[in-house]
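Chemist: Have a look at this one before I ask anything.
Protein chains in written order, with our numbering: chain W, 1 to 739; chain F, 740 to 1478.
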């Protein structure tokens, strides 16, 4: 099997340090590569699953450390590790260990039945007429956008009684992976020896743009070149795009997030974290060839199951220096930002019910991120973990020294270490005004500039191959809450001052002599950016219109653009150096272990697998399954206090329900943020569950996999169909599942 | 009148950067100088008054800036500025502007009727038999300590129906100021020319210890030397101490904090933020000669009133460099810490009702601090404010240049600027494990060492003159919630790693090879520090017992003591340099303006004054008074949702109440954190109200005073007595007020 320890390999880095908030361990994940890094940040980088008291987190993580010593997975104990490429499945291992050899047809069918939500998350086709199943917390951003003061579908749920009632979503793009090509040689050929990092980056970017443009033109599909093994391989992923997506069914938030922030990352769980969309083509439900059959019976205890989804980002290849940077610099910073935003959103919600509704989805996402980051940081702060990485690194260095063919690779670790130092310096200048209105203004300003350049020289998000996705975002009619934008912008301006100091000339230009509060108010009161028609005028008008535009948000974006580009370029240069260094480390791993190692997660389709099984915690056996009846007991145990209040629909239906219907279950599959909404299938390729979370013990999966206690948590297929029939009077939807 | 602008003068700096969290603008304030800086930190540095949504804060501060331009108080418009020493009242000004010349008897009576709560806050004697009136949020720390799982007096209120039922408090010390002496010459004589800052600090500390010891021995009272005008003057304050203090009455938190975090710092308000204690001597109610008479009728609109209390800390003398440090370094850091602790306490409270009870008082304090700091930082981030300070500084420098007698003082500004740079560097190493158990362990460890030294060489909190107060804290039987201590300690250890980096040898020694979570659990599970009897053994045993002690918390404190002392000394050296520099600046101000300037606040007794009057906000006139009936309307307007739910007692009593009884009122007196609980008296010296808050517009009072919109908020005297009679069936208490 080759390496199954922490030396699997990865993709690293993004432009804005703040964007990386989203690239950690959420079960929902950052948007796909084609989108501008921050346009989607506000509503996409945070997972919206929801957790137990700090006390319990502490206690459990403590046990994890105490039980596992350190977490280098043993060769047998943790055998089901891996987020495998569909183009390189571990067939031998599955055959020898599990007696199951998936053939190409099995894999192709599952790949094409899998769907990526570009706002961050996974999904699957579950009917021939276009039904798409994902998590409520993956759909919640869209469900919130469809809601308003009078119809809060997020809180109260939604059901289309007929196809005509299915709600068109404003800016959702779903991707179906249809083909994978290896383009490593073509990409690497463009980078000539002796090029500086900036030159190498430009050359690599140009050749990738050309490859994508050519493929996109040839196939009519979305084509993304994906960096794998941190720069060891480049693959061209071809996606069929669906942009007419409609909401079919969503349960109440109280059912989807039952137990709220307190139960998040906990197990046992009782959540109906599911919703259904439908893709349309030419105004009619799309005909889907590859959809998953539905297995109401779900999986059995101990059964091998597969998870097909888009894990967002892992850091298993990270060197010790990179992990130290994460531990001492980036994660503490990110956590400060998360807590800051949490408090801001809590305060905003005090304004009244409508304020609360506007803030809610984002607040849940930040709560989730905070819990996830705290788990990750707690893992990194255990001295034993860093010692384990140091020991591994030393062993690898010994192998490099003893192998003359690897001589050129010895400096890779030092290069990564130097990048961390430079990243820490760059953080001291890095700022973001990441709000929807500012991001839109910046995109418009940059669009005018980038469109003057040849396609291959543009920033990636402005390439022709991404134009349709970009325009969907720029011209989205999704509601913008200006009052919320205002408090966020004021806070981000204040934060920019805190980072760069009040005497910084750029800050002074940004503020124009006013306080952050006054300046944000001035701009938000006057800007027309929230009007999609105005944005359309600016897109159509081109550079001259932008130059002449006196909208204060456009002017602000113009004021900051040069510095934001400089910081982005500086970050991307560091990314490039790291990419080359990790590329070398990957080659070392290939040389030692062969190529049967899986790359770190990159928000592209992967296959994970594992057994449905419980685990031991504090001397107690946690069972693999919960039941729907157990949800009522759980509510009772918590005195029916918020967040343990099942919705009225559940209480009304309680007598109709089969209380022993399995509800949630756990398995050992190796997943991470971005896997939210992934279908769980059995050997027959039938859908038996829906991934929605991991337990507390899985929070360190960013850095290492262990199957001792870490578990992926799913909604049982039978619970979804039973809820549709017995609770939501949606038999007409349940009848379509798997057909 | 001399200077009435921002060039009033102050005391600066404390040892641990984190301690300074408490020294900002709260209406409750840090403990008095005699206590170890961090022993009391957890429960004393944060105010527990409670505010409206961020939206409204932003909007209002915005208006403040827009309306005032910058805030240099005009000579006439903001004439009631000042926190005056009782030994140097602005009699001429009061006579000429308000037609009232307070005589010595008036001042002495008010001074002696005023009481300081050493946990942070002000109060007054209001009966001959020892009743002490303060805010609920000043008493809440003690009320929480008296509560337990079965009797939550904090939430549900308390009433002693007889004197026998009055509840003994575990560790409350009240101070009554009885005398003030100027000892400036004696202190300054000890500091010889050519001494290094460290030598000067030691010499100053020694002479202060001698002065305090001599006075304490001579009088039997608590004697503190107080640094005024940032080092321009030293006064010896003599306090009579009361350590047998009993709880008489407290309303429900829902009445005291009606409107919660949302209404905090807002006006109009509807809060019964009051409670009553009684001081005892020899087991009997103390006979009090100087107590305030009670004026049920309260003040009239426009009437001149006086506030006698202990404002904690202001920064009006700060140079631009010091303000820039506050803006760019300290306040952002403090706010990150506040939000971090807020989230931690929120999470802890999710554990259930008892967890919530344990966390509640501290959580309210941190919410209050966050709102206050955000207001202050927003003020500093207005470019116009810093510009105003720069202009003032330039004008002062011009006066120095044109006055040969002031030639030696020109470098003071540069010295302050250099200190800020060094403070910023020092922050990068500064950590705290500020929990009750850790602080107690550290105090025990240090006590063993310090007691080996001559009195005058000890750290101030270990001087003989402070021994009784120290022992009251060290041997307090107040409950310690070990689960809460555990999560705080784990978080502070994690934060120490974040600050100093995971590879720091001290961090590694602190963790002993474990993660912060595991290490905190190990220590908290095994330590006996929570047992007051064990602490008594360690105090009695002396150095050998401490050295031989294998309690893990004691060992942890010993591990960290050297570095904590080093950081404290480094900070105190900077304090000394600043003290000398501000001393020079004060001399400049005295030379230019005479000595009729008031010193910055130092948590010692001051007199402020102003008129009862409303203000204009957003074109609307905000009336000075609210009524008790208005509280019911306010509840109705907010849909009776938390935090706008009046307690059952109020609803039961509604028909008995006189709804037009004045409830809260505002006046223009110049107050700051620490003034919470201050009596408001009229020209006759009768109590007409009880300070409990300031409005949003007053949040920048740390740096400047303005009477345009900034207001101090009080409970009306008549509302307190009416509530006692009509709501709380406490006529027997009401009958004693003012008698």
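Built from N, CA and C at the ideal position, the CB exists for glycine as well.
As the structure is a computational prediction, the values presented were derived from the model and not from experiment.
Under a three-way DSSP split, which group does residue 239(W) fall into?
Modeler: Strand.
Chemist: Whole angstroms are fine: how far does the CA of residue 1252(F) sit from the CA of residue 39(W)?
Modeler: Confidence in residue 39(W) is poor, its pLDDT being 24 and thus under 50, which makes the residue's placement too unreliable to answer from.
Chemist: Please list, in chain order, all residues of the same chain as residue 894(F) whose beta carbon is under 6 angstroms from its beta carbon, the five residues on each side excluded.
Modeler: For residue 894(F), where only same-chain residues beyond five positions count, the Cβ hits under 6 angstroms are 992.
Chemist: Just to confirm, is the Cβ distance from residue 167(W) to residue 115(W) under 8 angstroms?
Modeler: No; because the gap between Cβ atoms is not below 8 angstroms, this pair is not in contact.
Chemist: Entirely within the segment 345-389 of chain W and at least 4 residues each: give me those alpha helix (DSSP H) ranges in chain order.
Modeler: Entirely contained in the segment 345-389 of chain W, the alpha helix (DSSP H) runs reaching 4 residues are, in chain order, 353-380.
Chemist: Cutting at 7 angstroms between CB atoms, please list the residues of its own chain near residue 1277(F), excluding the five before and the five after it.
Modeler: Here the set comprises 1183, 1284, 1285, 1288.
Chemist: In the structure shown, what three-state DSSP assignment does residue 765(F) receive?
Modeler: No answer about residue 765(F) holds up, because its pLDDT of 31 lies below 50 and its placement is not dependable.
Chemist: Please classify residue 839(F) as buried or exposed, where buried requires at least 16 neighbouring CB atoms within 10 angstroms.
Modeler: Exposed, by the Cβ-count rule.
Chemist: Kindly list, in the order they appear in chain W, the residues whose Cβ is closer than 7 angstroms to that of residue 1078(F).
Modeler: Under the 7 angstroms cutoff, chain W gives 339, 340, 343.
Chemist: So which residues of chain F does residue 140(W) contact, with C-beta pairs closer than 8 angstroms?
Modeler: Those within 8 angstroms of residue 140(W) in chain F number zero; the least Cβ separation is about 21 angstroms.
Chemist: Between the alpha carbons of residue 1085(F) and residue 270(W), how many angstroms are there, rounded?
Modeler: One C-alpha to the other measures close to 23 angstroms.
Chemist: So, with DSSP's three-state summary, where would you put residue 330(W)?
Modeler: Residue 330(W) falls in the helix class under three-state DSSP.
Chemist: I need the boundaries of the beta strand (DSSP E) containing residue 223(W), first residue and last residue.
Modeler: Start and end: 222-228.
Chemist: Smallest Cα separation from residue 1119(F): which of 460(W), 735(W), 503(W)?
Modeler: Measuring from the Cα of residue 1119(F), the nearest candidate turns out to be 503(W).
Chemist: With burial defined as no fewer than 16 other Cβ atoms inside 10 Å of the residue's Cβ, what is the status of residue 1020(F): buried or exposed?
Modeler: The residue is exposed, with fewer than 16 neighbouring Cβ atoms inside 10 Å.
Chemist: Would you tell me roughly how many angstroms separate the C-alpha atoms of residue 1390(F) and residue 1377(F), rounded to the nearest one?
Modeler: Rounded to the nearest angstrom, the two C-alpha atoms are 16 angstroms apart.
Chemist: Relative to chain W, which residues along the segment 1221-1240 of chain F have a C-beta separation below 7 angstroms, given in chain order?
Modeler: Listed by position, the residues of the segment 1221-1240 of chain F near chain W (Cβ gap below 7 angstroms) are 1222, 1226, 1229, 1233, 1236, 1237, 1240.
Chemist: Cβ of residue 515(W) less than 8 angstroms from any chain F Cβ?
Modeler: Yes - at least one Cβ of chain F is within 8 angstroms of the one on residue 515(W).
Chemist: Quick check: is the beta carbon of residue 386(W) nearer than 8 angstroms to any beta carbon in chain F?
Modeler: Yes, residue 386(W) counts as interfacial toward chain F.
Chemist: Quick check on residue 350(W) - is its C-beta less than 8 angstroms from some C-beta in chain F?
Modeler: Interface residue, yes.
Chemist: What separation, rounded to the nearest whole angstrom, lies between the Cα atoms of residue 1071(F) and residue 498(W)?
Modeler: So the two alpha carbons sit approximately 6 angstroms from each other.
Chemist: From the DSSP output, in three-state form, read off residue 1192(F) for me.
Modeler: Coil, per DSSP.
Chemist: Kindly list, in the order they appear in chain F, the residues whose Cβ is closer than 7 angstroms to that of residue 470(W).
Modeler: Per Cβ cutoff of 7 angstroms: no residues; residue 470(W) is ~32 angstroms from chain F at best.
Chemist: For residue 428(W), which of 419(W), 478(W), 501(W) has the nearest alpha-carbon?
Modeler: For residue 428(W), the nearest C-alpha among the options comes from 501(W).
Chemist: Tell me whether residue 1397(F) is buried or exposed, calling it buried when 16 or more other Cβ atoms sit within 10 Å of its Cβ.
Modeler: Residue 1397(F) is exposed by the Cβ-count criterion.
Chemist: Does the CB of residue 1163(F) have a neighbour CB from chain W at under 8 angstroms?
Modeler: Taking Cβ atoms only, chain W never reaches closer than 8 angstroms to residue 1163(F), which makes this a no.
Chemist: Select from 1058(F), 1245(F), 1131(F), 1332(F) the residue whose C-alpha is nearest the C-alpha of residue 1303(F).
Modeler: Answer by Cα proximity: 1245(F).
Chemist: My guess is that residue 121(W) and residue 676(W) are in contact by the Cβ rule of under 8 angstroms, so how many angstroms apart are they, rounded?
Modeler: Indeed, because the Cβ distance is near 5 angstroms, the residues count as touching under 8 angstroms.
Chemist: Would you list the residues sitting across from residue 907(F) in a DSSP beta bridge?
Modeler: Note: residue 907(F) sits in a beta bridge opposite 985(F).
Chemist: Would you call the CB atoms of residue 608(W) and residue 671(W) closer than 8 angstroms?
Modeler: Cβ distance < 8 angstroms, so residue 608(W) and residue 671(W) count as in contact.
Chemist: Which residues in chain F have a C-beta closer than 7 angstroms to the C-beta of residue 395(W)? List them in chain order.
Modeler: Correct list: empty, because the minimum Cβ distance to chain F is about 20 angstroms.
Chemist: Could you pull the DSSP bridge partners for residue 281(W) from this structure?
Modeler: 284(W), per the DSSP bridge assignment.
Chemist: DSSP on residue 443(W), reduced to helix/strand/coil?
Modeler: In the structure shown, residue 443(W) sits in a helix (DSSP, three-state: H, G or I).
Chemist: What span of residues does the beta strand (DSSP E) with residue 90(W) cover, start to end?
Modeler: Where residue 90(W) is concerned, there is no enclosing beta strand (DSSP E), given that its DSSP letter is neither H nor E.
Chemist: How should residue 1129(F) be labelled, buried or exposed, when 16 other C-beta atoms within 10 angstroms of its C-beta is the threshold for buried?
Modeler: Residue 1129(F) comes out exposed.
Chemist: So residue 489(W) packs on residue 529(W), CB below 8 angstroms; how close in whole Å?
Modeler: Residue 489(W) to residue 529(W), Cβ: 11 angstroms. No contact.
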